[in-house]
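Working notes, beginning with the structure itself.
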Amino acid sequence: MLTTLRAVSATPDLQPDRPARLTAHVSGRVQGVGFRWWTRSRALELGLRGTVANLADGRVEVVAEGERPTLQALLDLLRGPRAPGQVANVAERWSQPDGRFEGFAER
């Protein structure tokens, strides 16, 4: 069962038609199943920049920057039925991008 948590941006001037940053914490059985590789591949296909990394608590953290509709598409993929493993929850946070990423790195 997928539980969805949605977070409201703490940045009041975040506009839907401007670049944004998505930070998503994915929990469930998402480590050791190719989830980071799959996420990086989808992000690159979408033209996003950022990172995906395993966390010590068993979650995977995805930090991506790009146009908000494209970031939403990645978020939908993370929550979708084709994501590897078993996604139990995706918590999202939206913020302003800082442009520090080049490409999309798997860590």
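Residue numbers (my numbering): 28 to 134.
Each residue gets a CB set at the ideal place from its N, CA and C atoms; glycine is no exception.
(request) Go through its chain and collect everything with a Cβ distance to Arg48's Cβ below 6 Å, but skip five positions before and after it. (result) The residue labelled residue 48 in the question sits at position 21 within the sequence shown. Result list for Arg48: Glu92, Ser122 and Pro124, in chain order.
(message) Please determine whether the Cβ atom of Gln123 lies at a distance below 7 Å from any heavy atom of the ligand NAD.
(response) This structure simply doesn't include the ligand NAD, nor any ligand for that matter.
(message) Can you tell me where the beta strand (DSSP E) holding Phe131 begins and where it ends?
(response) Here residue 131 is taken as the residue at index 104 of the sequence shown, counted from 1. Residues Phe131 to Glu133.
(request) Would you identify the three-state DSSP class for Leu105, choosing helix, strand or coil? (result) Start at 1 with the first residue of the sequence shown, and residue 105 comes out as number 78. Leu105: helix per DSSP, three-state reduction.
(message) Can you list, in chain order, the residues of its chain with a C-beta nearer than 8 Å to that of Arg67? Leave out the 5 residues immediately preceding and following it.
(response) Here residue 67 refers to the residue found at position 40 when the sequence shown is read from its first residue. Answer for Arg67: Val79, Phe131, Ala132 and Glu133, listed in chain order.
(request) Could you tell me if Asp44 is buried or exposed, where buried requires 16 or more neighbouring beta carbons within 10 angstroms of its beta carbon? (result) The residue given as residue 44 occupies position 17 in the sequence shown. With fewer than 16 other Cβ atoms within 10 Å, it is exposed.
(request) Report yes if the CB atom of Arg56 is closer than 8 Å to the CB atom of Gly112, and no otherwise. (result) One-based indexing of the sequence shown puts residue 56 at position 29. One-based indexing of the sequence shown puts residue 112 at position 85. Yes, Cβ-Cβ distance for Arg56 and Gly112 is below 8 Å.
(message) Check for me: the beta strand (DSSP E) holding Ala115 runs from which residue to which?
(response) Residue mapping note: residue 115 aligns to position 88 of the sequence shown, counting from 1. Looking at the DSSP string, the run of the beta strand (DSSP E) that includes Ala115 is Gln113 to Ser122.
(message) In the DSSP output, what is Leu211 paired with across the bridge?
(response) There is no way to answer for residue 211, as the model of the chain reaches only from 28 to 134.
(message) Looking at the strands, I want to know which residues DSSP matches up with Ala51.
(response) Within the sequence shown, numbered from 1, the residue matching residue 51 stands at position 24. Answer is Val89 and Glu119, bridged to Ala51.
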